[in-house]
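Chemist: Which chain is which? The protein sequence lines are A and B, in order. The first sequence finishes on residue 295 if you use my numbering, and the numbering steps up by one all the way, no holes. The second sequence finishes on residue 629 if you use my numbering, and the numbering steps up by one all the way, no holes. Each residue gets a CB set at the ideal place from its N, CA and C atoms; glycine is no exception. So that we are looking at the same thing, I have put the structure below in structure tokens.
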Amino acid sequence: MDLQNPPMMDRQELRDLKKSIDLGFRDFSRAYGEDIEAVFDPLLYFLVWLEKLLLAMPWPVVLVVLAALAWFGARNWFVVFGSVLAFLLIGYFGMWKDMIATLAIVSVCTLLCLLVGIPLGFLMARSDRVQSLITPILDVMQTIPSFVYLIPVVMLLGIGKVPGLLAVVIYAIPPIVRLTNLGIRLVDKEVLEAAEAFGASYRQKLFGVQVPLALPNIFAGVNQTIMMSLAMVVIAAMIGMQGLGQKVLQAVNNQYLSLGFMNGLAIVALAIIFDRISQAYGTRLQKHLEGDRNA
Amino acid sequence: MRKLILGAAAIGFASLISQGAVAACGSITIADMNWASATFMAHVDKVILEKGYGCDVSIVPGDTMPTFTSMNEKGEPDVAPEVWTNAMRGPLQIAFDEGRLHAANPSPITGLGEGWWIPPKTAEEHPELKTVLDIIEHPELFPYKEDPSKGAFVTCPAGWGCQLTNANLFRAFNMEEKGWVLVDPGSSAGLNGSIAKAADSGENWFGYYWSPTAIIGKYKMVPVPFGVDFAGSENWDGCIVKPEQECADPQPSSWTKSEVQTIVTDSFMKQGGAANDYLAARVYPGPIMNGMLVYMEDNQADGADAAVEFLTAHENVWTPWVSADVAAKVKAGL
Chain A
1 MDLQNPPMMD RQELRDLKKS IDLGFRDFSR AYGEDIEAVF DPLLYFLVWL
51 EKLLLAMPWP VVLVVLAALA WFGARNWFVV FGSVLAFLLI GYFGMWKDMI
101 ATLAIVSVCT LLCLLVGIPL GFLMARSDRV QSLITPILDV MQTIPSFVYL
151 IPVVMLLGIG KVPGLLAVVI YAIPPIVRLT NLGIRLVDKE VLEAAEAFGA
201 SYRQKLFGVQ VPLALPNIFA GVNQTIMMSL AMVVIAAMIG MQGLGQKVLQ
251 AVNNQYLSLG FMNGLAIVAL AIIFDRISQA YGTRLQKHLE GDRNA
Chain B
296 MRKLILGAAA IGFASLISQG AVAACGSITI ADMNWASATF MAHVDKVILE
346 KGYGCDVSIV PGDTMPTFTS MNEKGEPDVA PEVWTNAMRG PLQIAFDEGR
396 LHAANPSPIT GLGEGWWIPP KTAEEHPELK TVLDIIEHPE LFPYKEDPSK
446 GAFVTCPAGW GCQLTNANLF RAFNMEEKGW VLVDPGSSAG LNGSIAKAAD
496 SGENWFGYYW SPTAIIGKYK MVPVPFGVDF AGSENWDGCI VKPEQECADP
546 QPSSWTKSEV QTIVTDSFMK QGGAANDYLA ARVYPGPIMN GMLVYMEDNQ
596 ADGADAAVEF LTAHENVWTP WVSADVAAKV KAGL
């Protein structure tokens, strides 16, 4: 018995297997590519519309909206000034357009992740079987090297915004699902029993008790999802998604130190702004609840 | 034990020497560059030189600049089957002038080079699109997904030299005014994927690529003539290939001619004898080369596998390169 080499599939068979998978996928994308693309078309139109809208807005308006959002989220002058200053600097260094493109994509990605991820988290929290089914899928999504799924995504949807968006969503959705699930599962059994004792329905329990109590965890998930979509921006640029990521890629390929740092720091600035606003908003919600509970 | 190893080494060495004595052209080394077509050519050369001319051939890994430097300075390896000379014209010319290196074959592959391509289906359905000048009048045939009122021209990923070239040609042909956008595919995977997707789904596609490559062969992409002459090397080297800010007034031009040569060292030139005639005669027709690259990709075959496949499947291509006697020996050796 050969102890040096583990048993291996016959080379020819292995080759045939790989070939049949490749051909199978090609046939699949030939047959359904257009339909799948059509499903995503509304998303593309929305993205393009949002980006155009943001670009068409005079820059002072964008800043005012940003400041208002920051104030609404954080209620903190420091955060408001910091955000406005960061945007002004980004504009000053000629990255406004790219930043807007990235901003549009990341906002839509986050929205999509929340829309899909939070209900998924509810489902997982409700049933152990669903949880045991979804958890391994989330593990795969988080650990599989992104380049691996970029290939089929490009073959199905081509290059550009939508495939880039999908790649980002695949990577960024797991934390919100996991943390929603975790947050709801961590809600005290006794609190739930009390709610049940008052005759609360499933829906009432979920939205009246579990979600409010799980908010800190859910917000941590939102936060992680935003951070991860921003981190994915550079990878998604490899399949033609425009924005700051593309400039970083260009810098890497050309060894342009300053271009790389500027755009990289712009991504960091966006991340920090998103982070501070969403975190502060999350903690505020929580404080408010605590106040209620004590009252 | 040590004696045994020494003994074995001695026998091995002796057999090497005796083989060398039998060989007509001695022992030679061939550079195996790190891209598919060059690997393939190196292995075909190896088989033919070994079986047909009795050389003792070893293959050494290489890449354009390191191999060139080593050949120039050390005379090793002896043969570089596929060298793209555009980027190193200066130093290569010096080496030629000094007689240290020689071009055994000034163009071992036909139909190669960079340029702008369309899928075969587009060419078939729109026979009126004969040149780039015709295509750029019809951006509506190549709609850009993110802004369907514009035509998409797929350029090179950021950071490739050809990105600058394409951007300047884009300006030279006034394509923006005619309703085109330059689409950056982001990476070579993105570029390949966009071609694969367009060709698979029968969509129109217009963009940059180069040959010989598996992608061109696999999807039978059609090169589009530019419809204008090459506007001189001053325009090309002094403007088109430079960053936009250094190229104020690009002129429309066809793509500069890419040159690939087979390069050999001086000692090989002198000792190789008949092997030189073989190298000079072997010219791969472009479609055959692309076909072999597709074969390699589809079967995940390495250069050696591909060489055997080529020599068995394309006898009519390679037998004219050698004498009937040599051809018979090679066939017998397979």
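To the nearest whole angstrom, what separates the beta carbons of residue 240(A) and residue 485(B), a pair I think is in contact under 8 Å?
Modeler: By one-based count along the first sequence, residue 240(A) stands at place 240. By one-based count along the second sequence, residue 485(B) stands at place 190. Right, the Cβ-Cβ distance comes to about 5 Å (below 8 Å), so this counts as a contact.
Chemist: Pairs of beta-carbons, one from the stretch 401-419 of chain B and one from the stretch 511-526 of chain B, closer than 8 Å: are there three or more?
Modeler: yes
Chemist: From residue 390(B) to residue 172(A), what does the alpha carbon distance come to, in whole angstroms?
Modeler: As a first step, residue 390(B) must be located in the second sequence, where it is residue number 95. As a first step, residue 172(A) must be located in the first sequence, where it is residue number 172. If you take the alpha carbons of residue 390(B) and residue 172(A), they lie about 55 Å apart.
Chemist: I need the straight-line Cα distance from residue 280(A) to residue 77(A), nearest angstrom please.
Modeler: Stepping through the first sequence from its first residue, residue 280(A) is reached at position 280. Stepping through the first sequence from its first residue, residue 77(A) is reached at position 77. When rounded, the distance between both Cα atoms is 12 Å.
Chemist: Do residue 376(B) and residue 557(B) count as a contact pair if the criterion is CB distance below 8 Å?
Modeler: In the second sequence, residue 557(B) corresponds to position 262, counting from 1. In the second sequence, residue 376(B) corresponds to position 81, counting from 1. It is a contact, given that the beta carbons lie within the stated cut-off.
Chemist: If we count the other Cβ atoms within 10 Å of its Cβ and call it buried at 16 or more, is residue 363(B) buried or exposed?
Modeler: Working through the second sequence from its first residue, we reach residue 363(B) at position 68. Looking at its Cβ environment, which holds 16 or more other Cβ atoms inside 10 Å, residue 363(B) is buried.
Chemist: Counting along the chain, where does the alpha helix (DSSP H) carrying residue 566(B) start and finish?
Modeler: Along the second sequence, one-based indexing puts residue 566(B) at 271. Run containing residue 566(B): 561-566, per the alpha helix (DSSP H) assignment.
Chemist: Less than 8 Å between CB atoms is the rule here; does residue 492(B) satisfy it with respect to chain A?
Modeler: Working through the second sequence from its first residue, we reach residue 492(B) at position 197. Yes - at least one Cβ of chain A is within 8 Å of the one on residue 492(B).
Chemist: Return the chain-ordered list of same chain residues with a C-beta closer than 6 Å to the C-beta of residue 130(A), the five sequence neighbours on each side being excluded.
Modeler: As a position in the first sequence, residue 130(A) is number 130, starting the count at 1. Only 123 and 124 meet the Cβ criterion.
Chemist: Give the DSSP-derived three-state secondary structure of residue 324(B) in the structure shown.
Modeler: Mapped onto the second sequence, residue 324(B) falls at position 29. In the structure shown, residue 324(B) sits in a strand (DSSP, three-state: E or B).
Chemist: Provide the residue span of the beta strand (DSSP E) that contains residue 375(B), from first to last.
Modeler: The residue you call residue 375(B) lines up with position 80 of the second sequence. Residues 374-379.
Chemist: Say whether chain A places a C-beta atom closer than 8 Å to the C-beta of residue 480(B).
Modeler: In the second sequence, counting from the first residue as 1, residue 480(B) sits at position 185. So yes, residue 480(B) belongs to the interface.
Chemist: Could you give the distance in angstroms between the alpha-carbon of residue 350(B) and the alpha-carbon of residue 343(B)?
Modeler: Along the second sequence, one-based indexing puts residue 350(B) at 55. Along the second sequence, one-based indexing puts residue 343(B) at 48. Straight-line Cα distance between these residues: approximately 9 Å.
Chemist: Taking Cβ-Cβ distances shorter than 8 Å, what residues in chain A pair up with residue 454(B)?
Modeler: Taking the first residue of the second sequence as position 1, residue 454(B) is located at position 159. The answer, in chain order, is 249, 250, 252, 253 and 254.
Chemist: What does the alpha-carbon distance come out to for the pair residue 478(B) and residue 500(B)?
Modeler: Taking the second sequence and counting its residues from 1, the one referred to as residue 478(B) is at position 183. Taking the second sequence and counting its residues from 1, the one referred to as residue 500(B) is at position 205. Rounded to whole angstroms, residue 478(B) to residue 500(B) spans 11 Å at the Cα level.
Chemist: Please identify, using Cβ separations under 8 Å, the residues of the stretch 585-618 of chain B that lie next to chain A, in order along the chain.
Modeler: 593, 594 and 595
Chemist: With a cut-off of 8 Å on the beta carbons, I'd call residue 176(A) and residue 221(A) a contact; round off their distance for me.
Modeler: Residue mapping note: residue 176(A) aligns to position 176 of the first sequence, counting from 1. Residue mapping note: residue 221(A) aligns to position 221 of the first sequence, counting from 1. In this structure, residue 176(A) and residue 221(A) form a Cβ contact; the two beta carbons are roughly 4 Å apart against a cut-off of 8 Å.
Chemist: Once you ignore the five residues that flank residue 117(A) on each side, which residues in its own chain have a CB closer than 6 Å to its CB?
Modeler: Walking along the first sequence from the start, residue 117(A) turns up at place 117. Excluding the 5 residues flanking it on each side, residue 117(A) has same chain C-beta neighbours closer than 6 Å at 173, 176 and 177, in chain order.
Chemist: Against chain A, does residue 445(B) count as a neighbour if the rule is that its beta carbon must be under 8 Å from one of theirs?
Modeler: Within the second sequence, numbered from 1, the residue matching residue 445(B) stands at position 150. Answer no: the Cβ-Cβ gap between residue 445(B) and chain A never drops below 8 Å.
Chemist: Look up residue 557(B) in the DSSP assignment and say whether it is helix, strand or coil.
Modeler: Here residue 557(B) refers to the residue found at position 262 when the second sequence is read from its first residue. In this structure, residue 557(B) counts as strand in the three-state DSSP scheme.
Chemist: Using alpha carbons as the reference points, say which of 591(B), 369(B), 553(B) and 419(B) lies closest to residue 497(B).
Modeler: Indexing the second sequence from 1 puts residue 497(B) at position 202. Among 591(B), 369(B), 553(B) and 419(B), the Cα nearest to that of residue 497(B) is on 419(B).
Chemist: Would you verify that the beta carbon of residue 485(B) is, or is not, closer than 8 Å to some beta carbon of chain A?
Modeler: Locating residue 485(B) in the second sequence gives position 190, counting from the first residue. Interface residue, yes.
Chemist: For chain B, is any of its Cβ atoms less than 8 Å away from the one on residue 125(A)?
Modeler: Counted from its first residue, the first sequence places residue 125(A) at position 125. Cβ-Cβ to chain B under 8 Å: no for residue 125(A).
Chemist: Round the Cβ separation of residue 252(A) and residue 245(A) to the nearest angstrom and send it over; I've been treating them as touching at under 8 Å.
Modeler: Here residue 252(A) refers to the residue found at position 252 when the first sequence is read from its first residue. Here residue 245(A) refers to the residue found at position 245 when the first sequence is read from its first residue. Actually they do not touch by this definition, with Cβ atoms about 11 Å apart.
Chemist: Based on the DSSP secondary-structure assignment, which residues constitute the bridge partners of residue 412(B)?
Modeler: Position 117 of the second sequence, counting from 1, holds the residue named residue 412(B). The partner list for residue 412(B) (beta bridge, DSSP) reads 502(B) and 518(B).
Chemist: Mapping the DSSP letters down to three states, classify residue 550(B) as helix, strand or coil.
Modeler: The residue given as residue 550(B) occupies position 255 in the second sequence. Residue state, collapsed to three classes: coil.
Chemist: On the three-state DSSP scale, how would you describe residue 41(A)?
Modeler: What you label residue 41(A) is simply residue 41 of the first sequence in a count that begins at 1. In this structure, residue 41(A) counts as helix in the three-state DSSP scheme.
Chemist: Taking only the alpha-carbon atoms, compute the straight-line gap between residue 293(A) and residue 488(B) and give it to the nearest angstrom.
Modeler: Your numbering for residue 293(A) matches position 293 in the first sequence. Your numbering for residue 488(B) matches position 193 in the second sequence. Model confidence at residue 293(A) stands at a pLDDT of 48, short of 50, so the residue's coordinates are unreliable and nothing is read from them.
Chemist: List the residues of chain B that residue 205(A) touches, going by C-beta distances under 7 Å, in chain order.
Modeler: The residue given as residue 205(A) occupies position 205 in the first sequence. Within 7 Å Cβ-Cβ: nothing; residue 205(A) doesn't reach chain B, min ~44 Å.
Chemist: With DSSP run on the structure shown, which of helix, strand or coil describes residue 275(A)?
Modeler: Here residue 275(A) refers to the residue found at position 275 of the first sequence. Three-state result, residue 275(A): helix.
Chemist: What is the rounded straight-line gap between the Cα of residue 26(A) and the Cα of residue 143(A)?
Modeler: Counted from its first residue, the first sequence places residue 26(A) at position 26. Counted from its first residue, the first sequence places residue 143(A) at position 143. One C-alpha to the other measures close to 25 Å.
Chemist: Cα separation between residue 442(B) and residue 41(A)?
Modeler: Counting from 1 along the second sequence, the entry for residue 442(B) is found at position 147. Counting from 1 along the first sequence, the entry for residue 41(A) is found at position 41. Roughly 12 Å separates the two Cα atoms.
Chemist: Could you please give me the residues that DSSP links to residue 631(B) through a beta bridge?
Modeler: Here chain B covers residues 296 to 629 and nothing more, so residue 631(B) does not appear.
Chemist: Any idea what DSSP makes of residue 443(B), helix, strand or coil?
Modeler: As a working note, residue 443(B) is residue 148 in the second sequence. DSSP places residue 443(B) in strand when its eight states are reduced to three.
Chemist: Closer than 9 Å between beta carbons: that is the criterion. Which residues of the stretch 220-250 of chain A meet it against chain B?
Modeler: Taking 9 Å as the Cβ-Cβ cut-off against chain B, the residues of the stretch 220-250 of chain A that qualify are 236, 237, 238, 239, 240, 241, 242, 245, 246, 247, 249 and 250.
Chemist: Compare the C-beta of residue 148(A) against all C-beta atoms of chain B and say whether one is closer than 8 Å.
Modeler: Taking the first sequence and counting its residues from 1, the one referred to as residue 148(A) is at position 148. Output row for residue 148(A): interface = no.
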